[in-house]
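The structure appears below as structure tokens.
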Amino acid sequence: MKHLRLLLIVSATLLSSTVWADGSSDRLYGKMIQANEQSMREYASAQGKNPPEVTHYRYGMKLDIAKVIHVTSTNGNCDVMPAQMTYEDSSGNLHILEYRVSGTDCRSQH
83 MKHLRLLLIV
93 SATLLSSTVW
103 ADGSSDRLYG
113 KMIQANEQSM
123 REYASAQGKN
133 PPEVTHYRYG
143 MKLDIAKVIH
153 VTSTNGNCDV
163 MPAQMTYEDS
173 SGNLHILEYR
183 VSGTDCRSQH
């Protein structure tokens, strides 16, 4: 009985630390996305344009990209994470496209 109790305590501790680690990276990505959106609203205001709306990418969606303004960084991580690309379409309107991407810092992983 003591062994089972010890096993349950160890399992719960490991599980909670895993959940906490995942949650912290989600908060980090969330802050990165919010900062990008705020920066792009400021950019739009400075350019005299309407603030961009966020669109979530769907496979096969048609995009009208005339000029890429900014792409969020994927450096420093190897996880699959949210990323955003802000672009101007052929009419001069700003858009933010949100999508999932694999990080580029995968040197230590095989």
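All residue numbers for the sequence shown refer to the working numbering, where the first residue is 83 and numbers rise by one. Where a beta carbon is used, it is the ideal one built from N, C-alpha and C, also for glycine. The structure presented is a predicted model; accordingly, all values stated were derived computationally and were not measured.
Around the CB of Tyr169, 16 or more other CB atoms lie within 10 Å, so the residue is classed as buried. Between the alpha carbons of Pro134 and Arg189 lies a gap of roughly 35 Å.
Counting only the Cα atoms, Gln166 lies some 14 Å from Ile147. A direct Cα-to-Cα measurement between Thr137 and Ile178 gives close to 6 Å.
By the Cβ-count criterion, Thr154 is buried, with 16 or more other Cβ atoms from all chains shown falling within 10 Å of its own Cβ.
Following the DSSP letters along the chain, one finds Met163 inside the beta strand (DSSP E) bounded by residues 162-170. DSSP lists Glu170 as the beta-bridge partner residues of Lys149. Just measuring C-alpha positions, the residue of Leu176, Val162, Gly185, Gly142 sitting nearest Ser121 is Leu176. Where Thr137 is concerned, the enclosing beta strand (DSSP E) starts and stops at 135-138.
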